[in-house]
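Inspection log for the structure reproduced underneath, given as structure tokens.
Chains as they are written, first to last, in this note's numbering: chain A, 129 to 516; chain B, 129 to 516.
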């Protein structure tokens, strides 16, 4: 198998208004990535998307985006794993290059969600749940995450007020990211004042509905060496691993143990030959504060029940022990669902390439990015390492 | 790269009533395939689906199906390329085994389409078009195929009455396939009597809306040798190739030249080291008679403009020069869109494994299966060869 490298990245700013069409967004992200990688074309394009067929009446986004981005004719497909679609597309691209099927590929993600009513969008998002057992009975991702949060609070005797460290850090980091949706700091007082939208879950515990598209060019060793000769930063993907679990919460053995995440992160550590102590930053899936909490615990950065302490103590800040969501995360950069997994990897790449601007983390060599579909039904983990 | 083999197949009968739920259909097809391959589990599952998120409110069909089929936890993702979704999923599975990422995988396809109104289903299918330029303006797949058919008739001076050979043969072949939707022969008189539903396009030129799911187990050489030792038929996938083009017809250089198909079939021939003369049967994408016509021409079985002659002269019958759609094709086995690409490969496998029952073709050694998304925006071609 060939080594796989990120040799270029592109994105559009995350927005709450539909300033660009689906076609324009995807074309912009992909052409930006191609330009950044200084390549004219690639062998294939894999794009993550969850609900364009329902909200935009546009399917077949692979061929659609290839055409829009000047890549007419190449292999191109759309990949769907709910909010984990982006990283799932990246995994296909990783395999395509690693397996020698293509010298280079584009992996991308896109979602356009703000042009429909909130009710339509919320219902569309609930298709990531077990529809028969959850969505059809009125459950939404807010209510499902509220259930998990309540179970966590009950098990560990923790107050709902304890989760604020995650959104506060995310909002702080987003201020230094020109592509983020929010550029507004929040403090603990603001967090505590924010409305409970379902049980203990506050508005500030939830990521926003928005639009966005991001893309990466992946290349084999030959492509990476050429990029390096041209003075470009190159980052290797040293692990790519997916795990799954039931969609519905009722079928989990324990709502607080995400088995798909356990499989995914353990496999990633094994592939890359690293452990939690080696990770310099962690782009995790903070769609909800409780998901961020479970993620830092499952990845080995905190004992079960102590994930919120990590955030409270500042360990997740950019100068902390394990910086997370360094460009704002899903909470404050925004969560255009099918694109988020690629935004995470774009941001990790920028950190390792020392292109993260005012949010740059010093001496970052190894980053982990983890993207979740549903309440943990699909989890995709990638580990990235700088090679320069 | 490792060789890739089909070591088992499963399917559910194609239906017009929703006799099984989405969960039951996908679980049945996958567990049938696992049982046929005599394996307990696999490394990953890739499932083609186009519109379940819209028509069934169920996304994340990868993890959903893995769970339903007793494969909880494995890598599992859904793949979307409109009506080409099934073969696109097979392509990912091919890469996963060929590249050494997994020893064995399941590739599957599923669609459930008959529980909604005809209007809702027709509109959902139109998301495979360029929505802005076609679907939103009222175009459907019937109207788009009627346009291509009209252009073909005008260019070659051919009557709309000339296309009947394709559906007539499909219906004849479906009579011997217990899993087909239709078990009713039609003759040319019936074809000519069938209603024109759009321009020259008759009802019998169009494939039906229906439900279905099919699955294959793919394995590496070690798995194939084990299967052979156990006396099971084994078929090698010697080519897997995808090509794309614009979604919208207005952006094609020539509506009658499907560039994505040309790329796909030429690449497949090159990979397998074969040409049209070597192909013993061709499971093509006869969603519409005009698509079947263009497919036999592009694959080199007929000169441009003479595709319908092949059907008229009986060359596509099971005892003809190049048997096509030997188990009924999309027209008469049925076209549950995201599943069709896998049904095609299941049927080709059965022919090469000499398990095609009364529809068995004598001495079939090499089969080609070709699956199309939209009006040719995504085309995926696989070549299968028996190894026993």
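The beta-carbon is built from N, C-alpha and C at its ideal position, and this holds for glycine as well.
{"query": "Residues of its chain near residue 294/B, where Cβ-Cβ distance is below 6 Å and the 5 sequence neighbours each way are ignored", "result": "414, 417, 420, 439"}
{"query": "Minimum Cβ-Cβ distance from residue 335/A to chain B less than 9 Å", "result": "no"}
{"query": "Any chain B beta carbon closer than 9 Å to residue 203/A", "result": "yes"}
{"query": "Counterpart residues of residue 410/B in DSSP-defined beta bridges", "result": "452/B, 496/B"}
{"query": "Neighbour-count burial assignment, residue 353/A, 16 or more Cβ in a 10 Å radius", "result": "exposed"}
{"query": "Burial state of residue 292/B (16 or more Cβ within 10 Å)", "result": "buried"}
{"query": "Residue 152/A in three-state terms, based on DSSP", "result": "helix"}
{"query": "Per-residue contacts from residue 191/A into chain B (C-beta, under 8 Å)", "result": "209, 372, 373, 374, 375, 388, 501, 502, 505, 506"}
{"query": "Host beta strand (DSSP E) of residue 177/A (start-end)", "result": "Counting along the chain, residue 177/A falls outside any beta strand (DSSP E), and DSSP gives it neither H nor E."}
{"query": "Complete runs of the beta strand (DSSP E) confined to the segment 381-450 of chain A [at least 3 residues]", "result": "409-411"}
{"query": "Sequence-distant residues of its chain with Cβ nearer than 6 Å to residue 184/A (five each side left out)", "result": "150, 240"}
{"query": "Distance, residue 475/B Cα to residue 227/A Cα", "result": "28 Å"}
{"query": "Per-residue burial, residue 129/A [other beta carbons within 10 Å of its own, 16 or more giving buried]", "result": "exposed"}
{"query": "Below-9 Å beta-carbon distance, residue 273/B vs any chain A residue", "result": "no"}
{"query": "Backbone secondary structure at residue 366/A - three-state DSSP", "result": "strand"}
{"query": "Inter-residue Cα distance where the pair is residue 488/A and residue 479/A", "result": "6 Å"}
{"query": "For residue 263/A, the nearest candidate out of 251/A, 273/A, 309/A (CA to CA)", "result": "251/A"}
{"query": "Stretch pair the segment 340-348 of chain B + the segment 488-498 of chain B: three plus CB contacts closer than 8 Å", "result": "no"}
{"query": "Exposure label - residue 398/B; buried when at least 16 CB within 10 Å", "result": "exposed"}
{"query": "Beta-carbon separation (whole angstroms), residue 155/B vs residue 138/B, contact threshold 8 Å", "result": "The pair is not a contact, with the Cβ atoms about 10 Å apart (cut-off 8 Å)."}
{"query": "Residue 232/B and residue 165/B closer than 9 Å at C-beta", "result": "yes"}
{"query": "Through-space distance from residue 309/B to residue 319/B, alpha-carbon basis", "result": "18 Å"}
{"query": "CA nearest to the CA of residue 389/B, picked from 192/B, 504/B, 145/B, 515/B", "result": "504/B"}
{"query": "Under 7 Å from the C-beta of residue 206/B: neighbouring residues of chain A", "result": "208, 209"}
{"query": "Interfacial residues, the segment 226-255 of chain B to chain E, with Cβ spacing under 8 Å", "result": "Within the model displayed, chain E is absent; protein chains A and B are what it includes."}
{"query": "Buried or exposed by the 16-neighbour rule on C-beta atoms within 10 Å, applied to residue 265/B", "result": "exposed"}
{"query": "Beta-carbon separation (whole angstroms), residue 338/A vs residue 463/A, contact threshold 8 Å", "result": "7 Å"}
{"query": "Supposed close pair residue 457/A, residue 298/A - CB separation, criterion 8 Å", "result": "4 Å"}
{"query": "CB contact below 9 Å: residue 394/B versus chain A", "result": "no"}
{"query": "Residue 221/B: contacting residues in chain A (beta-carbon distance under 8 Å)", "result": "Here the premise fails: no neighbours, minimum Cβ distance about 11 Å."}
{"query": "Among 274/A, 342/A, 186/A, nearest to residue 174/A - alpha-carbon criterion", "result": "342/A"}
{"query": "Extent of the continuous alpha helix (DSSP H) run through residue 252/A", "result": "246-253"}
{"query": "Cβ-Cβ separation, residue 469/B to residue 176/B (assumed contact under 8 Å), whole Å", "result": "6 Å"}
{"query": "Alpha carbon of residue 436/B to alpha carbon of residue 377/B, nearest angstrom", "result": "22 Å"}
{"query": "As assigned by DSSP and simplified to three states, the class of residue 158/A", "result": "helix"}
{"query": "Distance CB(residue 279/B)-CB(residue 384/B) smaller than 9 Å", "result": "yes"}
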